[in-house]
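Quick note on numbering: our numbering labels position 490 of the sequence shown as 501, and the sequence is numbered without any gaps.
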Amino acid sequence: MATGNVNPFNLSDSEDEAEQRQEDGVDTERSPSDGAPGPPSNNPFSPQADAEHPALLLSSTRTSPSVEGISVAAAAATMAGGLAETRVSVDVIAAQLIRDQYILTALEFHTELLEAGRELPRLRDYFSNPGNFERQSGTPPACKDQGLGPGGPLNRAGSISTLDSLDFARYSDDGNRESDERVAESDTRERSKNYNSNPEIQEPIRPLEKRALNFLVNEYLLKNEYKLSAITFSDENDDQDFELWDDVGLNIPKPPDLLQIYRNCGSALPSPRDTVDVAVGVESGELTGNYITQKPDLLQKQQMEVVEELEYQISLLNKEKQSLADQIKKLQSEIQSLRRTVSTHPPDQSSETHPSSIPPQSPHDNGQYLDVRGASEPNSRPAESNPPTQTVSPPPQTITQPHAKLKSRESVVFDQPNRKLSPAFQQALLSFCKMSADSRLGAEVSRIADSEESVMLMLGRCLPHIVPNVLLAKREELIPLILCTACLHPEPKERDQLLHILFNLIKRPDDEQRQMILTGCVAFARHVGPTRVEAELLPQCWEQINHKYPERRLLVAEACGALAPYLPKEIRSSLVLSMLQQMLAEDKADMVREAVVKSLAIIMGYINDPDKYPQGFELMLLSLGDPSERVVSAIHQVFIPAFAAWTIELGNLQTTLIPSLLARIETLLKNEHGLDEHKLHMLLSALQSLIPPLFSVVLQNAPFTHRVNLQGHTPPIEVTRFPRPASPLQDVATIVGSRETLSALLILYDYQLEHEGTTGWDSLLWVVNQLLPQLIDIVGRVNVTSTTCVHEFSRFFWRLCRTFGKIFTNTKVKPQFQEILRLSEENVDALTGNGILTKATVPIYATGVLTSYNQEEDRKLLVGFLEDVMTTLSLSHAPLDSLKASFVELGANPVYHELLLTVLWYGVVHTSALVRCTAARMFELLVKGVNETLVAQRVVPALITLSSDPEISVRISTIPAFGTIMETVTQKELLERVKMQLASFLEDPQYQDQHSLHMEIIRTFGRVGPNAEPRFRDEFVLPHLHKLALGNNVQPSESKRIDIATQLFEAYSALSCCFISEELMVTHFLPGLRCLRADMEQLSPEHEVILSSMIKEGETKVENRGIGQAEGSVSIAASLVGEDAKTKFLSKMGQLTTSGAMLANVFQRKK
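Spelled out as structure tokens, the structure:
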């Protein structure tokens, strides 16, 4: 970490983690709650604290002040040896943070790793275990803070000061209350000293201090029966809730009552045995003038006191250590003595031994079992008054060999009573001892096992009766017992019954319970081997494959994947594969199919039968077509990487898998019934997931592979070198082995491409000579108006270029596109070879290839390409769909807004009117995604310039863009400028006979009117539509009249769904409809019927408003919602005699 340029987050965790665990040994496996051993806390103001290496200092302002001295020293001791290394594993950092109890820092580190997609198991396990954060009462908190106790969570220092004095940047409010109270006590004593020595610095009471004191005073009055005083006091402080301490506003627990505070305030300070100094690290800027101006002798005196206190603590600990050592010796001698006594002189059972005097037993079973049935045998001799005693001789081998078989018990000798009782009397006497050996449970109780086999038999008999009587929420506690018995039981039938119980243990197991069962199944499989796994575990899975509860089927799906490594290879690729294939095709639960896909991926990772490749390919296609997003996500994250890894081993990735997907895409594009965009997305996403495996094949089969040297220093890989993988299995570093290997390969890869060429590099030549030409040919057949297809292919090429690198993109990808596009000015008029410019090749090249890298030269190339395309298409009168698709795809990303405006400004100032018209129409596409600042500064000035163009066609082309601005922008000044420009188009005499201009304005009003500002619609759109309808009545040209009438009909149909006030309804809307009806009576009677219905409904609503003003204004749309109005409208529509195609065109807006 101290070398400066090494980023530990770029390193792979797998190998470093394993190495570090070997080096750390026990420390890395110790529970984080055990605390961290370290030297005593140092004075934070000492030179040693200031001399810490900056790379070793953790965030002191975010950690517990009570352990800073320990933490920094421990960090320095742990990491001093690693300063000379070139990298440090993130697992080492995490282990150090947890060991030194930097909990918040570790939590932030864990969060950042999660956001980067690199979860660390150590941090995940630590923070998912609530036991790491429970309070432990074994050691005083002060000792825990100083690292002197056996362990426990480190406490965070709270504050007793008021809320307005808290430094939230330094302390968190989630520390333990013990720490809060202790530090608060020392804080109070410190303030008391300062106030006593400096009475002039007494501060006035603060608001939150007053509220806290008020709460305590009110509590004191109520406890001591001063109820009237308490009521009066509460009335005088009516802004405070005395029932709730949290209402005070402090972040500390409720303090003791006033009586307790009074009793404690005058007591003497605790002895040094009960207190521990707390070292708190501070920055020099945080020190008050009081500390800065302290005299050196006072500082030295404080340091001497700390040293004396620590020496005193050391002496106490040494004494305690010696005392404990003496006790251990004494107890050991007593144990030896008791063992000799037991083996030679049997103790009398009548003299009961107190439990505290019994020596601790060995954790292993000593193999001694008693048969209590002998007490009721009829041939037993009469008992004496004293109970019999037994002689037990423990076999020594059961202690030294804990895993050896249990030995049969030796004969037990009891004292024979010296009595003359008849057997009948003895039996009658013993019958008063109520024992039940007749029932099943009584028989089990009276028969104690005396060997390992008998224990297993007993468990096999008892567990089926125990399980149903255990609560469902606690049944997972039985899993170890069931598994152990199932492993060791000698009877196959009983083992089958126990495994059946295991899989049916919980009715609907949740995630945690399923994980526990799966863990047990894996442990069982490791213990018994593949044969018994096949014979005993797999049948249980097969039985549950059609269970009615999805949680049980989910358990089966997950078990197939978890057990795959432990099954015979023949079963793995036949029975298990068939089970999962059936569940994938038939199961209706998304979560089950998701688990099936993940288990299939594990099967693909272990399968070694090449004949199963076609089945795997069909499973991939079946999963890709699944309607559930979570299943599709699992196929990309897990299955495809695992399947691709297998095809790489078979040598099928470049020869079979990728060509098969490309062939299916070509078949889709040739479909005469239209393109299935969903299938195209499915196949393209699969190809996209195969890019990392394909690149790994290129690297691992390169001519330079033998020159890879991992001994020297390899520079870290840039964070942005590769696209972010969907899962670790799609990370190229994971595929090739490690980030170090990948870094070394990338250096040689770039050098080979730039200097040595691709001769003999078959895997790369396949990509250049076969894959890229086929992809470019497919792109040329994609429908350019399909936004989805353009987007999918753009993302594919972007990821391909980013993965294979900038040199490959510039030297292999771009030249092939440029050769096909041929952007040359001399071919404009002849239109030779420019048909490709109207295809999807243009937007996919612009948005997928030219945007893959975003440096200045790349942006210039993109700008030049778009300018050339716009010019070429405009001058050749070609369709603009390819240019529009490019603008739509690029406009979705705000990063390219400035670039697109630069391209359009090139068109605004172009010498050709055709290019200026194209630029004006492109503004309409760009306005919706651009922020209002750019619209005001760049778009509107350009449109104003074009609206005064000498060519009328250019001016007309600006109208849709102006309309879109009215629809999307909210700035009043901007709207007024646009409104004035549109008004000039409508009111200027030079435009009176411009039929195309009027058509464009009416079309724009119908498109933007429903979404525009209501004031603009009421004051501008409706009056001008009325005026245009009125003028159309006297239009001499019948063709122009029908064109205008059709556009007016569409505009009024759209505006009828808006709220229209009564005044506008009477003055503009209904008169406009009547004018339009007059035209339709002569030109299109079918439309006239609908218009008459609309007019009648409008007049009815106006009359109803006049009768009942309280109902308020309603819109035509509201009237059409009613069932009667809807029936009338549809009946009128049914009366139209036009064809279906013509009727559809009535409501279709013309583009």
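Beta carbons are placed, not taken as given, at the ideal position from N, Cα and C, and that holds for glycine.
Looking at the unbroken alpha helix (DSSP H) that takes in residue 931, where does it start and where does it end? 924-938
To the nearest angstrom, report how far apart residue 776 and residue 974 are at their CA atoms. 52 Å
Of the listed residues 431, 1092 and 511, nearest to residue 546 (C-alpha basis): 511
Integer-rounded CB distance, given that residue 881 should sit under 8 Å from residue 914: 7 Å
Three or more C-beta pairs under 8 Å: does that hold for the region 1018-1030 against the region 975-983? yes
Which of the three DSSP states is assigned to residue 432 in this structure? coil
Ends of the alpha helix (DSSP H) at residue 491? 490-499
Excluding the five sequence neighbours on either side, which residues of its own chain have a C-beta within less than 7 Å of the C-beta of residue 571, listed in chain order? 552, 587, 590, 591 and 610
Taking one C-beta from the region 852-868 and one from the region 800-807 each time, how about it: are there three or more such pairs within less than 8 Å? yes
Would residue 785 and residue 673 qualify as a contact pair, given that the criterion is a beta-carbon distance under 8 Å? yes
Figure out for me which residue from 665, 272, 651 and 791 has the closest Cα to the Cα of residue 739. 651
Assuming residue 1039 and residue 1053 make a contact with CB atoms under 8 Å, what is their CB distance in whole Å? That pair is no contact at about 14 Å.
Considering only their Cβ atoms, is the gap separating residue 789 from residue 677 smaller than 8 Å? yes
Between the region 606-624 and the region 701-718, do at least 3 Cβ pairs fall closer than 8 Å? no
Pick helix, strand or coil for residue 330, following the three-state DSSP scheme. helix
Where do the N-terminal and C-terminal ends of the alpha helix (DSSP H) with residue 752 fall, by residue? 750-762
Tell whether a beta-carbon distance below 8 Å holds between residue 753 and residue 743. yes
Figure out for me which residue from 694, 129 and 689 has the closest Cα to the Cα of residue 675. 694
To the nearest whole angstrom, what separates the beta carbons of residue 539 and residue 495, a pair I think is in contact under 8 Å? Not quite, the Cβ-Cβ distance comes to about 12 Å (not below 8 Å), so this is no contact.
Short Cβ contact (8 Å threshold) for residue 912 with residue 945: yes
Which residue comes first and which comes last in the alpha helix (DSSP H) that contains residue 143? Counting along the chain, residue 143 falls outside any alpha helix (DSSP H), and DSSP gives it neither H nor E.
Out of curiosity, what's the CA-to-CA distance linking residue 934 and residue 1106? 37 Å
Quick check: what's the CA-CA separation for residue 1092 versus residue 794? 41 Å
Output the distance between the C-alpha atoms of residue 475 and residue 509, rounded to the nearest integer angstrom. 8 Å
Let me confirm a value: residue 689 is counted as buried when at least 16 other C-beta atoms fall within 10 Å, else exposed. Which label applies? exposed
Quick check on this structure: which residue in 964, 131 and 995 has the alpha carbon closest to the alpha carbon of residue 109? 131
Please confirm whether residue 612 and residue 653 have their CB atoms less than 8 Å apart. yes
Expressed to the nearest angstrom, what Euclidean distance is found between the alpha-carbon atoms of residue 958 and residue 1008? 12 Å
May I have the straight-line CA-CA distance separating residue 725 from residue 948, to the nearest angstrom? 49 Å
Anticipated Cβ contact below 8 Å, residue 910 with residue 938, distance rounded: About 16 Å; that fails the 8 Å criterion.
Give the secondary structure of residue 372 by DSSP, where H, G and I count as helix, E and B as strand, and everything else as coil. Annotation note: pLDDT 41 at residue 372 (below 50); position unreliable, coordinate value reported separately. If DSSP states are grouped into helix, strand and coil, residue 372 belongs with coil.
Contact under 8 Å by Cβ, residue 649 with residue 608: yes
Which first and last residues belong to the alpha helix (DSSP H) in which residue 257 is found? Here residue 257 belongs to no alpha helix (DSSP H), and DSSP marks it neither H nor E.
How about residue 894 and residue 884: do their beta carbons lie closer than 8 Å? yes
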